Amino acid sequence: MELDPKKFAELLDKIEAEADEFLLARNQMVENDKERNVNREALTALRKRARTTKTSVLSPFDSMMKDIHGSSTKPLVQEVCSTCGSHDSSEPTWMMLPGADLFAAIPFHAVHTMLEKSFILFTFFATLS
C-alpha cells in the first residue's frame, strides 16, 4: 500500500499546520504565565509597602464592631480594603500603564485594584488552557 506523493505532501502539510498551532498555543500559555507572575510580584510588593497580608486586615464586620462606641456620627459600616489596610490609599504610586511606555502617579488603591482585577483575568485564562 503506497501513498501517492501528492497525498503524502498534503498529509505532511496538515501535520505541519497542526504542529504550528500547537506551538503557538504553548508559547501563548508561557507568555500568559509570565504576565501573571509579574502581576503577582507587583501585588506582593504593594502589600509589603502597605504592610498587610491577605488576612491581616479586619473584615468590615469586625472593624464595624470594633468602632461602635455609641457614636451616631460615624457610619456603622466602614469599608476596609484588604490590601490598603491602614495605609494611605490616596498616596501616589508610580505605575507603568498597560499597553504604553508611560509611567503615571496613580493613587495606591487604584493601582492595586487594577492589578488584582488583571490577576483574576490572568488566572481565568490560565485555567482555560
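Numbered by my numbering, the letters in the sequence shown go through residues 18 to 146 in order. For each residue, glycine too, the CB sits at the ideal point set by N, CA and C. No experiment lies behind these values; they were computed from the predicted model shown.
- In the structure shown, the three-state DSSP call for T110 is strand.
- By the Cβ rule, the stretch 51 to 59 does not count as touching the stretch 115 to 127, because fewer than three pairs are nearer than 8 Å.
- Under the three-state reduction of DSSP, P115 is assigned to coil, being neither helix nor strand.
- Residue environment: A36 is assigned as exposed (fewer than 16 neighbouring CB atoms within 10 Å of its CB, all protein chains considered).
- Here A121 has M112, L114 as same chain residues with Cβ atoms under 7 Å from its own Cβ, once five neighbours each way along the sequence are excluded.
- Sequence-distant partners of L63 (beyond 5 residues in either direction) whose C-beta falls short of 6 Å from its own C-beta, in its chain, are H129.
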